[in-house]
Amino acid sequence: MKTGAKLPEVTFHTRVRDEEVGGPNPYRWQDMTTADYFAGKRVILFSLPGAFTPTCSTYQLPGFEGNFETFRELGIDAIYCMSVNDSFVMNKWAESQNLENVKVIPDGSGEFTRKMGMLVDKDNLGFGMRSWRYAAIIKDGVIEAWFEEPGLMDNCPEDPYGESSPETLLSWLEKARAPEMA
């Protein structure tokens, strides 16, 4: 599942705010498909081992959020952060990170991640099955560019980070844009 490949068709079970629900937890279930997120757009998808984890919360997610306008100037319509966490966890994490631009996608059962070939066992950390860290630039549901951390394996003793960083994707987009500007 790399450059030129079409994304797998999956239905994501999300929770969205709906004031008509009322009460202290005004959210309802809303199923979203791969097409809902990716059709007709050029987007960044980055996936990480878990919401609220140190590298994800300190560097990766804030880096994409903080560079959102620069990514837009480089032709990106949306940025999505995915994790093998349920919608409740992803929504709380987005709230705690004060996200305004990056949208979270819950892959609670890991179906999308498995079909992408990126589902790994992280029992060594007590996580169970999670996503290997990667990022992709996706145009209309097809992978345009792929950025995967090295060493893909179950129970990896490290948490490699760099290839899927916002800085790496910004650099790629700037280089890809350079020939257009000439």
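Using UniProt numbering, read the sequence shown as starting at 1 and increasing by one per residue.
Built from N, CA and C at the ideal position, the CB exists for glycine as well.
Same chain, Cβ closer than 6 Å to residue i, neighbours up to 5 away in sequence not counted
| i | result |
| --- | --- |
| I143 | T3, A5 and A136 |
| L152 | W132 |
| E19 | P26 |
Same chain, Cβ closer than 7 Å to residue i, five either side skipped, listed in chain order
| i | result |
| --- | --- |
| V16 | Y27, R28 and Q30 |
| residue 207 | Because the chain in this structure spans residues 1 to 182, residue 207 falls outside the shown range and cannot be described. |
Supposed close pair residue i, residue j - CB separation, criterion 8 Å
| i | j | result |
| --- | --- | --- |
| G50 | R133 | Not a contact, Cβ separation roughly 10 Å. |
| P24 | K115 | Actually they are not in contact, since the Cβ atoms of P24 and K115 sit about 36 Å apart, beyond 8 Å. |
| L173 | L74 | 4 Å |
Proximity winner among the options, relative to residue i (alpha-carbon distances)
| i | options | result |
| --- | --- | --- |
| P62 | G141, F88 and W93 | W93 |
| I105 | L169, P150 and L45 | L45 |
| C161 | S47, N91 and F12 | The sequence shown places Tyr at residue 161, not Cys. Of the listed residues, the one whose Cα sits closest to Y161 is S47. |
| S164 | Y37, S109 and Q60 | Q60 |
| L119 | V84, G126 and E149 | V84 |
| S109 | L74, D18, S87 and F38 | S87 |
| G117 | D36, Y37 and E148 | E148 |
| V10 | G22, Y37 and V21 | Y37 |
Residue i vs residue j beta-carbon contact at 9 Å
| i | j | result |
| --- | --- | --- |
| T34 | F112 | yes |
| D154 | D107 | no |
| G40 | D159 | no |
| V89 | E65 | no |
| S96 | F52 | yes |
| P14 | M32 | First, the residue type needs correcting, since residue 14 is Thr and not Pro in the sequence shown. Taking 9 Å as the Cβ cut-off, T14 and M32 qualify as a contacting pair. |
| L170 | F12 | no |
| A145 | A178 | no |
| P166 | N124 | no |
Residues near residue i in its chain [Cβ-Cβ closer than 8 Å; skip 5 each side]
| i | result |
| --- | --- |
| V21 | Y27 and R28 |
| T168 | A135, F147 and G162 |
Could you tell me which whole beta strand (DSSP E) segments of length 3 or greater appear in the region 17-55? You should have 27-33 and 42-48.
Enumerate, from N- to C-terminal direction, the unbroken alpha helix (DSSP H) stretches of 4 or more residues contained entirely within the region 52-124. Entirely contained in the region 52-124, the alpha helix (DSSP H) runs reaching 4 residues are, in chain order, 61-66, 68-73, 87-96 and 111-115.
Continuous alpha helix (DSSP H) assignments of at least 4 residues falling wholly in the region 129-180: Listed in chain order, nothing qualifies, since the region 129-180 has no complete alpha helix (DSSP H) run of 4 or more residues.
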